[in-house]
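Asker:
2 protein chains.
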Amino acid sequence: MSSLNSPLLDNAVAELSKLPGIGRKTALRLALHLLRQEKETAFALGSSIIEMRENIKYCKRCHNISESDLCPFCSDSRRDPDTVCVVENVKDVLTVESTHEHLGLYHVLGGLISPLDGISPSDLEIESLVKRVKEEGIKEVILALSPTMEGDTTNFYIYRKLADLPVKVTMLARGVAIGNELEYTDELTLGRSIQNRMLFKDTFHE
Amino acid sequence: MSSLNSPLLDNAVAELSKLPGIGRKTALRLALHLLRQEKETAFALGSSIIEMRENIKYCKRCHNISESDLCPFCSDSRRDPDTVCVVENVKDVLTVESTHEHLGLYHVLGGLISPLDGISPSDLEIESLVKRVKEEGIKEVILALSPTMEGDTTNFYIYRKLADLPVKVTMLARGVAIGNELEYTDELTLGRSIQNRMLFKDTFHE
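Sequence order for the protein chains is A and B.
For what it's worth, the numbering used here labels the leading residue of the first sequence as 27, then goes sequentially.
For what it's worth, the numbering used here labels the leading residue of the second sequence as 27, then goes sequentially.
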């Protein structure tokens, strides 16, 4: 007799608990929930996962997820090909898109340089970024990486790689977050936002 | 262009967010995690869900989940068929089993009587319990339902249904939880545990 009295349930619970943030108790709750639903519900979930993994590919140009060779951004002629926003992963594409402030293309690195985690520049899509800058005549590369040690390392590495090319390399502004109380802003961020202080009149957007 | 730039990803996220306690943000995180894994990982998860829902049935006798007509408990000759523990759902079978205190069989009601939720006795496996008591010569029915209004209602309903049959009907002891501070025990529980106070010498289990 297996621990849950059913090898099939055991197996589903084991697979569900491999998901990040889902422990064995939650996995059991989800599996029992699925058992109570119509068969169609469980089948739709199972097959949506399989079909997604089977058919989603990566864009040959920017390495965003895509169902064809080029992702919807790269194949959209209304996007500005002169400006490329460099992000860590696919999710950050969605995060940047949600601001509606970037109208250009993307380049997904697939991670950040992190010697501690064994991630070196060659594991990331950095060479392909340099190649794009050379071949596509990109005018501006916006580094939109997390303001962490890994993000800063990666920013600097890419900056050096692009230094000799005729491209403007910009990065996200660092400063106090909008809506945050100054009292709770860490001193590093606050210090940086004093160094990078802006002319007040420049803050009036149109 | 769909909201996530991929109908396949959209679909998987939509199906995942139907799971209880999983919102859209978590569903997206899980889907992107699965995209980063080997294909086999996603396939194993998807097919484990489908196969579980396809092949798990319910025990004809006690309505616990089962992969055959009789569940592992009902078909295990070492379990005592004279004592049947009545539980709300499949999960509670596991909860009771984890105590190693019940060596008999189970009967899974599939819910509790709850007029507010539209659950009446006829929606539950109560008639089949009465039938089992009559036909199987069960000597004791242990009501192991939650100490809630719905649990109490269901306890009382079952008690009345079995009143004329030669069976002992018992229920879980109500009292202060082991390890809890008395100060934080609610007065109802504390009051009940005074009413049902035990001889101190009876508490020495061998």
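No residue lacks a Cβ here, since even glycine has one placed at the ideal position from N, Cα and C.
#1: Tell me the rounded alpha-carbon separation between residue 76 of chain A and residue 68 of chain B.
#2: Helix, strand or coil for residue 58 of chain B, going by three-state DSSP, please let me know.
#3: Within 10 Å of its beta-carbon, does residue 204 of chain B have 16 or more other beta-carbons around it, so buried, or fewer, so exposed?
#4: Look at the alpha carbon of residue 210 of chain A and the alpha carbon of residue 222 of chain A, and state the distance between them as a whole number of angstroms.
#5: Using beta carbons (cut-off 7 Å, strictly below), is residue 128 of chain A in contact with chain B?
#6: Answer with buried or exposed for residue 189 of chain B, where buried requires no fewer than 16 other C-beta atoms within 10 angstroms of its C-beta.
#7: Given a cut-off of 7 Å on the beta-carbon distance, is the pair residue 70 of chain A and residue 41 of chain B in contact?
#8: Use the C-beta contact count for residue 57 of chain B: other C-beta atoms within 10 angstroms, 16 or more gives buried, fewer gives exposed.
#9: Can you tell me the Cβ-Cβ gap for residue 54 of chain A and residue 82 of chain B, rounded? I've got them flagged as a contact below 8 Å.
#10: If you reduce the DSSP assignment to three classes, tell me which class residue 167 of chain A lands in.
#11: Out of curiosity, what's the CA-to-CA distance linking residue 106 of chain A and residue 178 of chain A?
#12: Going residue by residue through the region 66-144 of chain B, where are the continuous beta strand (DSSP E) segments of at least 3 residues, counting only ones entirely within it?
#13: Would you mind working out which of A:43, A:94, A:113 sits nearest residue 151 of chain A, comparing C-alpha positions?
#14: Quick check on the DSSP output: the alpha helix (DSSP H) that includes residue 196 of chain B runs from which residue to which?
#15: Grab me the residues of residue 126 of chain A's own chain with a C-beta within less than 7 Å of its C-beta, minus the 5 sequence neighbours each way, in chain order.
#16: Can you tell me the Cβ-Cβ gap for residue 200 of chain B and residue 215 of chain B, rounded? I've got them flagged as a contact below 8 Å.
#17: Does the CB of residue 133 of chain B have a neighbour CB from chain A at under 7 Å?
#18: Under the rule that 16 or more other beta-carbon atoms within 10 Å means buried, what is residue 175 of chain B, buried or exposed?
#19: Beta-carbon of residue 79 of chain A versus every beta-carbon of chain B: anything under 7 Å?
#20: Quick one: which chain B residues come within Cβ less than 8 Å of residue 93 of chain A?
#21: Under a CB-based cut-off of 7 Å, is residue 182 of chain B close to chain A?
Answerer: Answer, in terms of the structure:
#1: Stepping through the first sequence from its first residue, residue 76 of chain A is reached at position 50. Stepping through the second sequence from its first residue, residue 68 of chain B is reached at position 42. Distance between the alpha carbons of residue 76 of chain A and residue 68 of chain B: 6 Å.
#2: To locate residue 58 of chain B, count along the second sequence from 1; it is residue 32. Residue 58 of chain B: helix per DSSP, three-state reduction.
#3: As a working note, residue 204 of chain B is residue 178 in the second sequence. Classification of residue 204 of chain B: exposed, given that the 10 Å Cβ count is below 16.
#4: For the purposes of this step, residue 210 of chain A is taken as residue 184 along the first sequence, with counting starting at 1. For the purposes of this step, residue 222 of chain A is taken as residue 196 along the first sequence, with counting starting at 1. Straight-line Cα distance between these residues: approximately 19 Å.
#5: Locating residue 128 of chain A in the first sequence gives position 102, counting from the first residue. So, not an interface residue.
#6: For the purposes of this step, residue 189 of chain B is taken as residue 163 along the second sequence, with counting starting at 1. So residue 189 of chain B ends up on the exposed side.
#7: For the purposes of this step, residue 70 of chain A is taken as the residue at position 44 of the first sequence. For the purposes of this step, residue 41 of chain B is taken as the residue at position 15 of the second sequence. The answer is yes: Cβ separation under 7 Å.
#8: Indexing the second sequence from 1 puts residue 57 of chain B at position 31. Result: buried.
#9: Walking along the first sequence from the start, residue 54 of chain A turns up at place 28. Walking along the second sequence from the start, residue 82 of chain B turns up at place 56. Contact doesn't hold; Cβ gap of about 13 Å is too wide.
#10: Your numbering for residue 167 of chain A matches position 141 in the first sequence. Reduced to three states, the DSSP call for residue 167 of chain A is strand.
#11: Within the first sequence, residue 106 of chain A is the residue found at index 80, counting from 1. Within the first sequence, residue 178 of chain A is the residue found at index 152, counting from 1. Inter-residue distance for residue 106 of chain A and residue 178 of chain A is about 26 Å (C-alpha atoms, whole angstroms).
#12: 106-113, 130-134
#13: Taking the first residue of the first sequence as position 1, residue 151 of chain A is located at position 125. Residue A:113 is the option with its Cα nearest to residue 151 of chain A.
#14: Taking the first residue of the second sequence as position 1, residue 196 of chain B is located at position 170. Residue 196 of chain B -> not in any alpha helix (DSSP H); beta strand (DSSP E) instead, spanning 194-197.
#15: Sequence index remark: in the first sequence, residue 126 of chain A carries index 100 (1-based). Closer than 7 Å at the Cβ level, and outside the excluded window around residue 126 of chain A, lies no residue.
#16: Within the second sequence, residue 200 of chain B is the residue found at index 174, counting from 1. Within the second sequence, residue 215 of chain B is the residue found at index 189, counting from 1. The Cβ separation is near 7 Å, so the contact holds.
#17: For the purposes of this step, residue 133 of chain B is taken as the residue at position 107 of the second sequence. At a cut-off of 7 Å, the C-beta of residue 133 of chain B has no neighbouring C-beta in chain A.
#18: Within the second sequence, the letter at position 149 stands for residue 175 of chain B. Exposed, because fewer than 16 other Cβ atoms sit within 10 Å of the Cβ of residue 175 of chain B.
#19: In the first sequence, counting from the first residue as 1, residue 79 of chain A sits at position 53. Yes, contact with chain B.
#20: As a first step, residue 93 of chain A must be located in the first sequence, where it is residue number 67. Residues of chain B with a Cβ closer than 8 Å to the Cβ of residue 93 of chain A are, in chain order, 32, 33, 34.
#21: The residue given as residue 182 of chain B occupies position 156 in the second sequence. No - not a single Cβ of chain A is within 7 Å of the one on residue 182 of chain B.
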